[in-house]
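S.K.:
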Amino acid sequence: MDSTTRQILDLSRRGLLRGATAAAALAAITPASFRHAVAQPVFRAYPFTMGVASGEPLPDGVVIWTRLAPEPLAGGGMPRIAVEVTWEVATDRQMRNIAARGTALARPELGHAVHVEVEGLQPARTYFYRFRAGREASPVGRTRTAPAAEAMPDRLRFVSAGCQHWEVGYYTAWRHIAETENLDFVAHYGDYIYEYRARGGAPGSAVAVRQHNSEEIYTIDDYRNRYALYRSDADLQAAHAAHPFLMSFDDHEVDNNWAGAISEEDGGARFPVAVPPEIFALRKQIAFQAWWEAMPLRRAQLPRGPEMTAWRALRWGRLADIAVLDTRSHRDDQPCGDINGAPCEAVRNPQAQVLGAVQEAWLMDRLAATSATWKVLAQQVPMMQRDFGGNAPFISMDKWDAYPAARERLFRHIHERQVKNVAVLTGDVHQAWAATLRLDFADENSPVVGTEFVATSISSNGDGTETLGQTERVLARNPHIGFFNNRRGYSLHEANAERLEARFIGLDYVTRPGAPAVEKGRFVVEAGGGALLRA
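Letter 531 of the sequence shown, counting from 1, is numbered 531 in UniProt numbering, and no numbers are missing.
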């Protein structure tokens, strides 16, 4: 055992195990599944520095998460040995009425993260949970199970949020989310971390208010330390401890604007020196592992090399079917050199993919088969048409606008199979938008196929403004868009059998803490009607 490890964690058979000799002694009295594990560690520093989290609610269980990290910004500071962690789930915050308990291993291969897939719980119930390692106890978290599959709950209440660039703003929005009562879950659309370092500011933002802990990240320790930095924020920890999360990723969990097997540095005009796909695959593998370690995810999402099945779905009784999509891993490279502007010939590719053939087919089958009232698509980049042009079209090449064939296939399927009440949750662009999705955006009388709610960022791009100079022109050019706001915040949603409501919550500043939460816009969609209505 090296000197650093000795300073962090002393080990003995009865609470003070020391080195390999004690580990061998422990193996003789420990069940086979816990061989080579430390059962009673004594920590020199508090190990639950990243708090707790839960997610992936089912009617009979949830995932609960923590990570042992006495030195969170130095790779975690744990010895290279598995450590036994006990967990408890109770019906009360005082943890007196225990509903489930067990033991898990915090393994060095996974950065000593713990993912417990709790089973045997009751549907539509609030539970509390905590972890213990040696004499140390984690904070108590709150979570909630989904309703039974055939139940019709009175309502579903959730938040959509993401894009939380550490350097350019404080996480006051997460504190407001933590204090929001009766949330069933938080849908995190991605950009949980940012992989680069902004020197004095970030693109489109004000001056940085706090700094990243390294240059751009590439190694597994780099990524782990970056997650640890973000997780050190008390407001973010509070939100995770208050509500279960549905996690997805966008680009910055790996590399800005990556697409499939292609790095942002793709050899085009913007980045003439390309990163070879086999080298980028190594970075994806590391980034995906660090993301999985840091999130309350199931074993089904554990990466397999540079690939993972991040898309999945859950039911909220008969009220909602929620598909969590991956719009990064299986898409084609951005057309036109990923340079925003007038569409080039590549935009007209009839085989263009955003979801990839397998995920697209899975989604279409699910949409056609579900009997749930609301079909919620939790994804990353705007699906609505956003033409920023004056006399000629001008689009963003990283959004669905640059893959119109993929969007048309999905919209036409929804229309032809008469799928009603599709609500798309989106992020990525650091602004709030709301729109009616039409089969043909050029025709204001075209059939409605759904609505889309784009949540603004938690902090990315700094304080922002109420509007931009181009707002009126963009809204006039895109009559299906009903709302735009350029502040930071999140969207709060409530659905029942008759309607779905979206409230856009904004903060007037994030470059200092303490901003109040202000409602910037409110919209509803009537079940069976489809179009966006201002409340």
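Glycine residues also receive a C-beta, built at the ideal position from the N, C-alpha and C atoms. Computed from a predicted model, the values in this text were never measured in an experiment.
(1) Mind listing, in chain order, the continuous beta strand (DSSP E) runs of no fewer than 3 residues lying wholly within the segment 39-106?
(2) Would you call residue 445 buried or exposed, if buried means 16 or more other Cβ atoms sit within 10 Å of its Cβ?
(3) Would the C-beta of residue 320 count as close to the ligand NAD, meaning under 6 angstroms from any of its heavy atoms?
(4) When you compare each of 170, 140, 293 to residue 223 by their alpha carbons, which one comes out closest?
(5) Would you kindly report the start and end of the unbroken beta strand (DSSP E) that includes residue 247?
(6) Could you check if residue 535 is buried or exposed, using at least 16 other CB atoms within 10 Å of its CB as the buried criterion?
(7) My output table needs one value for residue 443: the three-state DSSP class, helix, strand or coil.
(8) Helix, strand or coil for residue 282 per DSSP?
(9) Just reading off the alpha helix (DSSP H) that residue 236 is part of, what are its end residues?
(10) From the DSSP output, in three-state form, read off residue 333 for me.
(11) Is the beta carbon of residue 327 sitting closer than 7 angstroms to the one on residue 275?
(12) Taking only the alpha-carbon atoms, compute the straight-line gap between residue 422 and residue 330 and give it to the nearest angstrom.
(13) If you follow the alpha helix (DSSP H) that residue 405 is part of, which residue opens it and which one closes it?
(14) Should residue 402 be labelled buried (16 or more other beta-carbon atoms within 10 Å of its own) or exposed?
(15) In or out: residue 46 buried (at least 16 other Cβ within 10 Å) or exposed?
(16) The beta strand (DSSP E) that contains residue 487, what's its start and end?
(17) Could you tell me whether the segment 109-124 touches the segment 135-142, using the rule of 3 or more Cβ pairs below 8 angstroms?
(18) CA-CA distance, residue 503 and residue 77?
(19) With a cut-off of 8 angstroms on the beta carbons, I'd call residue 240 and residue 427 a contact; round off their distance for me.
(20) Report the three-state DSSP secondary structure of residue 177 (helix, strand or coil).
(21) Could you tell me if residue 92 is buried or exposed, where buried requires 16 or more neighbouring beta carbons within 10 angstroms of its beta carbon?
(22) Taking only three categories from DSSP, how would you classify residue 533?
M.R.: Let me lay it out:
(1) If one requires a minimum length of 3 residues, the beta strand (DSSP E) runs lying completely within the segment 39-106 are 52-58, 61-67, 82-90, 98-106, in chain order.
(2) Exposed, by the Cβ-count rule.
(3) The model on display carries no ligand, and the ligand NAD is accordingly not part of it.
(4) When 170, 140, 293 are compared, the shortest CA-CA separation from residue 223 is found for 293.
(5) In the DSSP assignment, residue 247 falls within the beta strand (DSSP E) that extends over 245-247.
(6) Within 10 angstroms of the beta-carbon of residue 535 lie fewer than 16 other beta-carbons, which makes it exposed.
(7) The answer is coil: DSSP assigns residue 443 none of H, G, I, E or B.
(8) DSSP places residue 282 in helix when its eight states are reduced to three.
(9) Note, residue 236: alpha helix (DSSP H), 234-242.
(10) In the three-state DSSP reduction, residue 333 falls in the coil class, being neither helix nor strand.
(11) At least 7 angstroms separates the beta-carbon of residue 327 from that of residue 275.
(12) Using only the alpha carbons, I get a separation of about 22 angstroms.
(13) In the DSSP assignment, residue 405 falls within the alpha helix (DSSP H) that extends over 404-416.
(14) Answer is buried; the Cβ neighbour count reaches 16.
(15) An exposed status is given to residue 46, since fewer than 16 other beta-carbon atoms sit within 10 Å of its beta-carbon.
(16) First-last of the beta strand (DSSP E) with residue 487: 481-495.
(17) No, they do not touch.
(18) The alpha-carbon atoms of residue 503 and residue 77 are separated by roughly 42 angstroms.
(19) So it is not a contact: roughly 18 angstroms between Cβ atoms.
(20) In the three-state DSSP reduction, residue 177 falls in the helix class (H, G or I).
(21) Exposed.
(22) Strand at residue 533.
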